[in-house]
Structures are given as C-alpha cells and as structure tokens.
Amino acid sequence: MFPKLSDLINYLLGTHIDLPVQTYGFFLAVAAVVAGFLLRSELKRKEKDGMLAARTKKIQTNKPAHWIEIIPGVIISSLLGWKFFGIIFEYRSFALNPQQYLLSGQGSIEALIIITTVSIAYHLFTLYRLKNSEPEIQEVIIHPYQQAWSIMLVGLIFALLGSKLFDIFDNFSSFLKNPVHSILSFSGLTFYGGFIVTVIAELIYMKVIKLDWKHVIDCTASAIMIGYAIGRLGCHFSGDGCWGIVNTLTQPQWLAWLPDWLWASYYPHNVINHGVIIPGCSGPHCMVLDKPVFPTSLYESIISFFSFGVLWIMRKRIQAPVVLFGLFMVLNGTERFFIEKIRINKKFDILGLQLSKAEIISSILVMVGIAVVIYFLKRHQYSRHTQPTDSSTTG
1371 MFPKLSDLIN YLLGTHIDLP VQTYGFFLAV AAVVAGFLLR SELKRKEKDG
1421 MLAARTKKIQ TNKPAHWIEI IPGVIISSLL GWKFFGIIFE YRSFALNPQQ
1471 YLLSGQGSIE ALIIITTVSI AYHLFTLYRL KNSEPEIQEV IIHPYQQAWS
1521 IMLVGLIFAL LGSKLFDIFD NFSSFLKNPV HSILSFSGLT FYGGFIVTVI
1571 AELIYMKVIK LDWKHVIDCT ASAIMIGYAI GRLGCHFSGD GCWGIVNTLT
1621 QPQWLAWLPD WLWASYYPHN VINHGVIIPG CSGPHCMVLD KPVFPTSLYE
1671 SIISFFSFGV LWIMRKRIQA PVVLFGLFMV LNGTERFFIE KIRINKKFDI
1721 LGLQLSKAEI ISSILVMVGI AVVIYFLKRH QYSRHTQPTD SSTTG
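Using my numbering, you'd call the opening residue of the sequence shown number 1371 and step up by one each time.
Structural data, given as structure tokens:
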C-alpha cells in the first residue's frame, strides 16, 4: 500500500522522491474537485433547460467591511500563513508526519506577526479611504452554477462535522478519555454520518441562496457518487483499515482472470500499521496483515463508478425532480448493505438480527430512496395532468 502519494509515484516510476502528501487525503481532495466541477456543470445545464433561474442582487461596491467580517479573515489568514511558512522553514519535520505537524503548535511566529500586522493595517487604511465616500450601488446577476463551490464548501464542512459527530457517538468512551485528540484526529470519518448532516445543512442553505432545492439535490446525486468512488480508492491505496473480513476461500475458476490482490489482499505497508512486521523493512509503515482479507473499499469504488454511470445516463431522461437523488440513495444503500456482509464492522443486536450501524442506515436509505422515487414520480405526473392548457375561442 501507499501511505504517502510519493510512495505510489515511486512504485510506478521507480523514483525516490518524498512528498508530504497523504494518499488518502490526496484522493479526498481529487474527489472534492471532480465532484465540484461536475456539480457546476449540472447546475449550468439545469439553468439552460429552464429548471433553475438566475437572480439579481443589488450590492454596494464601495461598502467598507465591518469588523465582525474583518476579524475572522485576519485570524484565518494569519493562522494559514503561520502554518504555511512553518512548513517551508521546517519542511523535514513536516514531511515526517504531516498530520501531526498540522495539528501541533508548530509554525512560523515571524510570519504570524507580519501577516497579522499587514492585514490589520490594510483594513484600517481601507476603512479610512471609504469612510466618507458616496455609496455605489450595482446590480449583479448570480447564476446557479456560480454557487457550485459555495455549495461544495458547505457540504464539506458539514460532512466533516457529521462524520465526527457519529464517530464520537460510536466511540464515546474514547472521546471522554481524550476529547481534543478525538475531535482533531483525521480518523473516524464515516460517510453516512456526514451524509445525513450534510443533506440537512444543504437544504437550509438552498433557502439562503434562493435556489430550488428539488433540482439542486438532483445535481448533487452524480457528484456525490463519483466523489464516493474516488474517495474509496484513497481508502484502498492507503490501507486505512476499511478492509473486509479474512478471505481464505479459494478463488473460483470463473474469476481466475482477476488478479490475486482483487480477490484477497494482505495490505502491506498499510497506513494504520496493522498486522505483523515485514522482514527487512525499514520506515514508518512496515506492517502487513497476517491473513488476506476482502479489499472491500476497492469493491465499493468499482460498484460506485458503475452506479455513477447509471446516474449520469439517467440524469437527462428523468424529468421528475428529486427522483434522481432517490435513485442515488437506492444504489448507494444497496451497495453498502451487501458490502457490509464481508466488511469488518461492529454488530448490534436488532430484534435478533446481527446488524452493523452501516447496514441499518443503508437499509433505511434504500427504503427512503424508494419512497422518494415513488412519491415524486406520482407528484410530477399529477402536476402534468393538472396543468392548465392554453385555449382560444373564435367567434
């Protein structure tokens, strides 16, 4: 496996570079960018087809910012500069353990002081310059696709919050032992926790930016699915522990064409350092599983890419709003429910059935998805039949 992106590059190209970029984080970043561009494209298509409308907004172009807006900006820019220049001046320490460095108190104090001073001085100068100027009002047109990246940002923030919230509920005893580490750690990011919280947050955000949620949520279906597929590749290639149960079954003859690692994998050099020591290996990641397991994250990625293809083909054929998102829920929930059967997970006793949390949520997701498809299809058919038709009379 490849804990760092440079491990993958070195494996493919035979090089010996060392980049402080985690493979899992890289794939998540790629997933977010691809999903963002795809969402932007779909929002533009929906506007062109008349399903979403642009809106006009009057803004004062020379309005000075309030200190409530200025202070967070100064703090964020100063902290980013503090870490960024710290990374440059202490690159070796950062490269050894990027996650630990980012969450530590290390950084460039000089950069922090300079950036803070310059930022405050700039804002004071701007406030003084605009203090007695006449208001300049301008009317601007805001297209739906211009909101794509703000929609993505809201989604990413609440996905992280939701993931962490569900992880804390799942591992409450660990949270009580070390709350700070539990909150700041990059581990424990569960898809369904983030998904549920994000859907609620996005529905509220649609009201704020005055976009029809029914059409926007359909635009997110393909974007989420492709993002999920790419993200799961990151899980597999880094070996983050999202693998399956032990697989000592003989590979069936009809699957003989598959490479061995696609049937069962030992996840050598996995990022969580799980298993037994690899003889003769040196470095921070020298562990390999003692028994082969199902590479479930890779299976999920393959199925999700296929599901994305289905959604992408159907997006123009389905006219009823929200139905595409309902189909997404059915596809994703079905895939996850069956993958859980061969995945390492914590089981709960529900009415005599041993089910994991993901199995419970995915089952609900499938049922809700089917209900959404049926309801909005019927609603769309009803609205079409009850629409008034233009008539003209001659006399």
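Using N, Cα and C, we set each Cβ at its ideal position, and we do this for glycine too.
Practice task
Would you tell me roughly how many angstroms separate the C-alpha atoms of residue 1496 and residue 1435, rounded to the nearest one?
Solution key: Within the sequence shown, residue 1496 is the residue found at index 126, counting from 1. Within the sequence shown, residue 1435 is the residue found at index 65, counting from 1. Rounded to whole angstroms, residue 1496 to residue 1435 spans 9 angstroms at the Cα level.
Exercise for the section: Apply the 10 Å Cβ neighbour rule to residue 1764 and answer buried if 16 or more other Cβ atoms are within range, or exposed otherwise. Expected result: As a position in the sequence shown, residue 1764 is number 394, starting the count at 1. Summary for residue 1764: the model assigns pLDDT 41, below 50, so the residue's position carries little reliability; its value from the coordinates is reported in the next sentence. Residue 1764 should be labelled exposed.
Practice task
In angstroms with no decimal places, state the Cα-to-Cα distance between residue 1618 and residue 1637.
Solution key: The residue labelled residue 1618 in the question sits at position 248 within the sequence shown. The residue labelled residue 1637 in the question sits at position 267 within the sequence shown. Their backbone Cα atoms lie some 15 angstroms apart in a straight line.
Handout entry: Proximity of residue 1663 and residue 1738 at Cβ, strictly below 9 angstroms
Key = For the purposes of this step, residue 1663 is taken as the residue at position 293 of the sequence shown. For the purposes of this step, residue 1738 is taken as the residue at position 368 of the sequence shown. Going by C-beta atoms, residue 1663 is not nearer than 9 angstroms to residue 1738.
Practice task
Kindly indicate which three-state DSSP category residue 1421 falls into: helix, strand or coil?
Solution key: Walking along the sequence shown from the start, residue 1421 turns up at place 51. In this structure, residue 1421 counts as coil in the three-state DSSP scheme.
Handout entry: residue 1715 versus residue 1641: straight-line alpha-carbon distance, rounded
Key = Looking up residue 1715 in the sequence shown gives position 345. Looking up residue 1641 in the sequence shown gives position 271. Residue 1715 and residue 1641: Cα-Cα distance of roughly 19 angstroms.
Problem - Ranges of the alpha helix (DSSP H) found wholly within the region 1659–1718, counting only runs of at least 4 - result: 1666–1684, 1693–1709
Practice task
In the DSSP assignment, find the alpha helix (DSSP H) that holds residue 1592 and state where it starts and stops.
Solution key: On the sequence shown, position 222 is the one that residue 1592 refers to. Segment 1583–1608, the alpha helix (DSSP H) holding residue 1592.
Practice task
Report the rounded CA-to-CA distance for residue 1396 versus residue 1604, giving the unit in angstroms.
Solution key: As a working mapping, residue 1396 is identified with position 26 in the sequence shown. As a working mapping, residue 1604 is identified with position 234 in the sequence shown. One C-alpha to the other measures close to 7 angstroms.
Exercise for the section: Using DSSP bridges, identify the partner residues of residue 1726. Expected result: To locate residue 1726, count along the sequence shown from 1; it is residue 356. Answer is 1717, bridged to residue 1726.
Exercise for the section: Go ahead and label residue 1623 buried or exposed: buried means 16 or more other beta carbons lie within 10 angstroms of its beta carbon, across all protein chains shown. Expected result: Here residue 1623 is taken as the residue at index 253 of the sequence shown, counted from 1. Exposed, by the Cβ-count rule.
Practice task
State the DSSP-derived secondary structure class of residue 1519, mapped to helix, strand or coil.
Solution key: Here the question's residue 1519 lines up with position 149 in the sequence shown. It is helical.
Exercise for the section: On the DSSP bridge assignment, give the partners of residue 1426 in chain order. Expected result: Sequence index remark: in the sequence shown, residue 1426 carries index 56 (1-based). Its beta-bridge partners are 1511.
Handout entry: Per-residue DSSP class, three states only, for residue 1611
Key = By one-based count along the sequence shown, residue 1611 stands at place 241. Three-state DSSP puts residue 1611 in coil, outside helix and strand.
Problem - For residue 1761, the three-state DSSP class (helix, strand or coil) - result: Within the sequence shown, residue 1761 is the residue found at index 391, counting from 1. Summary for residue 1761: the model assigns pLDDT 47, below 50, so the residue's position carries little reliability; its value from the coordinates is reported in the next sentence. Residue 1761 falls in the coil class under three-state DSSP.
Handout entry: Cβ-Cβ separation, residue 1581 to residue 1514 (assumed contact under 8 angstroms), whole Å
Key = Stepping through the sequence shown from its first residue, residue 1514 is reached at position 144. Stepping through the sequence shown from its first residue, residue 1581 is reached at position 211. Rounded, the Cβ-Cβ distance is 6 angstroms, consistent with contact.
Exercise for the section: Let me know if residue 1719 comes out buried or exposed under the rule of 16 or more other beta-carbons within 10 Å of its beta-carbon. Expected result: Here residue 1719 refers to the residue found at position 349 of the sequence shown. Label assigned to residue 1719: exposed.
Exercise for the section: Please check if any C-beta of chain C sits within less than 9 angstroms of the C-beta of residue 1598. Expected result: Here there is only one protein chain, and chain C is not present.
Practice task
Report the residue ranges of all alpha helix (DSSP H) runs contained in full by the region 1376–1418; include only those spanning at least 4 residues, in chain order.
Solution key: 1393–1418
Practice task
Have a look at residue 1487 and residue 1498 and give me their C-alpha separation to the nearest angstrom.
Solution key: Taking the first residue of the sequence shown as position 1, residue 1487 is located at position 117. Taking the first residue of the sequence shown as position 1, residue 1498 is located at position 128. Residue 1487 and residue 1498: Cα-Cα distance of roughly 17 angstroms.
Problem - Cβ-based neighbour list, residue 1422, same chain, cut-off 8 angstroms, excluding 5 preceding and 5 following - result: Counting from one through the sequence shown, the residue named residue 1422 turns up at place 52. Hits under 8 angstroms: 1413, 1416, 1514, 1581, 1582, 1585, 1586.
Exercise for the section: Per DSSP, which residues does residue 1635 bridge with? Please list them. Expected result: Residue numbering aside, residue 1635 sits at position 265 when the sequence shown is read from its first letter. For residue 1635, which the question treats as bridged, DSSP gives the partners 1663.
Exercise for the section: Could you have a look at residue 1371 and say whether DSSP puts it in helix, strand or coil? Expected result: Stepping through the sequence shown from its first residue, residue 1371 is reached at position 1. If DSSP states are grouped into helix, strand and coil, residue 1371 belongs with coil.
Practice task
Helix, strand or coil for residue 1646, going by three-state DSSP, please let me know.
Solution key: Stepping through the sequence shown from its first residue, residue 1646 is reached at position 276. Strand at residue 1646.
Practice task
Reducing DSSP to helix, strand and coil, say where residue 1641 ends up.
Solution key: Here residue 1641 refers to the residue found at position 271 of the sequence shown. Residue state, collapsed to three classes: coil.
Exercise for the section: Quick one: using the 10 Å Cβ neighbour count with 16 as the cut-off for buried, is residue 1601 buried or exposed? Expected result: Here residue 1601 refers to the residue found at position 231 when the sequence shown is read from its first residue. So residue 1601 ends up on the buried side.
Problem - Pair within 9 angstroms by beta-carbon distance, residue 1532 and residue 1574 - result: Indexing the sequence shown from 1 puts residue 1532 at position 162. Indexing the sequence shown from 1 puts residue 1574 at position 204. No, the Cβ-Cβ distance between residue 1532 and residue 1574 is not below 9 angstroms.
Problem - Best match in 1689, 1479, 1734 for proximity to residue 1748 [C-alpha to C-alpha] - result: Position 378 of the sequence shown, counting from 1, holds the residue named residue 1748. That would be 1689, whose Cα lies nearest to the Cα of residue 1748.
Handout entry: Neighbourhood of residue 1563 by C-beta distance below 8 angstroms, restricted to the same chain and skipping five residues each side
Key = Indexing the sequence shown from 1 puts residue 1563 at position 193. Correct list, in chain order: 1532, 1533, 1534, 1535, 1536, 1537.
Practice task
Identify the continuous alpha helix (DSSP H) that holds residue 1771 and give its terminal residues.
Solution key: Any property of residue 1771 remains undetermined from this structure, which presents the chain solely from 1371 to 1765.
Handout entry: Distance CB(residue 1527)-CB(residue 1571) smaller than 9 angstroms
Key = The sequence position of residue 1527 within the sequence shown is 157, counting from 1. The sequence position of residue 1571 within the sequence shown is 201, counting from 1. A contact, by the Cβ cut-off of 9 angstroms.
Handout entry: residue 1657 - partner residues in DSSP beta bridges
Key = The sequence position of residue 1657 within the sequence shown is 287, counting from 1. BP columns for residue 1657 point to 1647.
Exercise for the section: Kindly indicate the opening and closing residues of the alpha helix (DSSP H) around residue 1573. Expected result: Within the sequence shown, the letter at position 203 stands for residue 1573. Element bounds for residue 1573: 1561–1578.
Exercise for the section: Compare the Cα-Cα distances from residue 1430 to each of 1629, 1508, 1464, 1398 and report the closest residue. Expected result: Mapped onto the sequence shown, residue 1430 falls at position 60. Residue 1508 is the option with its Cα nearest to residue 1430.
Practice task
Provide the residue(s) that pair with residue 1616 in DSSP beta bridges, ordered along the chain.
Solution key: Translated into the one-based positions of the sequence shown, residue 1616 becomes position 246. Answer by DSSP bridge pairing, in chain order: 1663.
Practice task
Report the residue from 1698, 1381, 1699, 1733 whose alpha carbon sits nearest the alpha carbon of residue 1711.
Solution key: Within the sequence shown, residue 1711 is the residue found at index 341, counting from 1. The candidate whose alpha carbon is nearest that of residue 1711 is 1733.
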